[in-house]
Amino acid sequence: MEIVERLSKFGIVPVIVINDTKDALPLAKALIDGDLPCAEITFRTAAAEESIRIISKAYPEILVGAGTVLSIEQVKKAVNAGAKFIVAPGFDPELVDYCIKENIPVFPGCLTPSELTQAVKRNLEVVKFFPAETFGGLKAIKAVSAPFGSLKFMPTGGLNATNVVDYLLEKKIFACGGTWIAKKELIEAGEFDTIAKLAKEASDIVKKIRG
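Here the numbering used here is used: position 9 in the sequence shown is 13, and no number is missing along the way.
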């Protein structure tokens with residue numbers, strides 16, 4: 005519950021692809037400087053696991069999770085490296101059940117009523133909606149979520165500093181995936197000051213809307 009509450013308070017979670025572990029620490033510092041000390045580091049690269057370990061050790065105040073997690077093996081690697089939550093692009097029953105059994109906060113991707121039913125059946129509070137804009141955005145979330153009570157969503161994909169405002173104003177939205185905050189092009193170019201600025205802008209948006 006503590007992890008879930010913290011993520012909800014952050015409101016926007018930077019979604020990050022790291023290709024080189026040397027970028028882990030300056031990236032983490034940029035997020036702290038931007039008043040947005042949280043990150044979903046995708047498991048798409050060979051540097052992801054070690055980057056999570058480096059950030060978790062050097063900056064324990066940052067809430068770090070692993071994204072694009074596709075297997076129980078990846079869950080284990082991510083958690084052992086220091087990940088505090090798991091985000092999956094789709095709904096894998098075995099992966100979700102393992103995380104529940106091990107008390108690991110997990111946010112599986114759900115787009116359809118069938119997937120949402122499986123999430124509710126497992127008493128999940130929050131699911132990912134990905135890729136959000138491609139699959140109808142906020143309008144689709146409102147429509148598909150209607151029968152599912154208090155279930156909340158973490159949309160990711162196609163969001164930006166402009167349209168994220170509409171998402172955050174909707175009660176069904178738990179938090180948003182901020183793919184625009186620390187794009188890999190910015191990371192690889194060493195533009196950490198820009199990342200800090202974008203993180204601060206995102207943090208300010210959340211505070212303005214949610215207080």
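Built from N, CA and C at the ideal position, the CB exists for glycine as well.
So, with DSSP's three-state summary, where would you put residue i?
| i | result |
| --- | --- |
| residue 177 | strand |
| residue 115 | coil |
| residue 157 | strand |
| residue 43 | strand |
| residue 8 | helix |
Excluding five sequence neighbours on each side, which residues of the same chain lie with their C-beta closer than 6 Å to the C-beta of residue i?
| i | result |
| --- | --- |
| residue 134 | 93, 113, 160 and 161 |
| residue 183 | 19 |
| residue 39 | 204 and 207 |
Give the straight-line distance between the Cα atoms of residue i and residue j, rounded to the nearest whole angstrom.
| i | j | result |
| --- | --- | --- |
| residue 129 | residue 26 | 35 Å |
| residue 76 | residue 106 | 11 Å |
| residue 120 | residue 100 | 13 Å |
| residue 56 | residue 68 | 7 Å |
| residue 123 | residue 8 | 16 Å |
| residue 34 | residue 197 | 7 Å |
| residue 28 | residue 154 | 36 Å |
| residue 50 | residue 23 | 7 Å |
Beta-carbon within less than 7 Å of residue i's beta-carbon, same chain only, minus the 5 sequence neighbours each way: which residues are those?
| i | result |
| --- | --- |
| residue 12 | 178 and 179 |
| residue 83 | 108 |
Spatial neighbours of residue i within its chain, please: C-beta separation below 8 Å, excluding the five flanking residues on both sides.
| i | result |
| --- | --- |
| residue 126 | 100, 101 and 104 |
| residue 48 | 21 and 72 |
| residue 65 | 36 and 41 |
| residue 149 | 120, 155, 157 and 176 |
Taking C-alpha atoms, which residue in the options lies nearest to residue i?
| i | options | result |
| --- | --- | --- |
| residue 207 | 14, 31 and 10 | 14 |
| residue 45 | 155, 181, 65 and 149 | 181 |
| residue 96 | 115, 164 and 188 | 115 |
| residue 87 | 117, 54 and 118 | 54 |
| residue 3 | 185, 74, 50 and 169 | There is no way to answer for residue 3, as the model of the chain reaches only from 5 to 215. |
| residue 187 | 171, 163, 137 and 210 | 163 |
DSSP beta-bridge partners for residue i?
| i | result |
| --- | --- |
| residue 18 | 182 |
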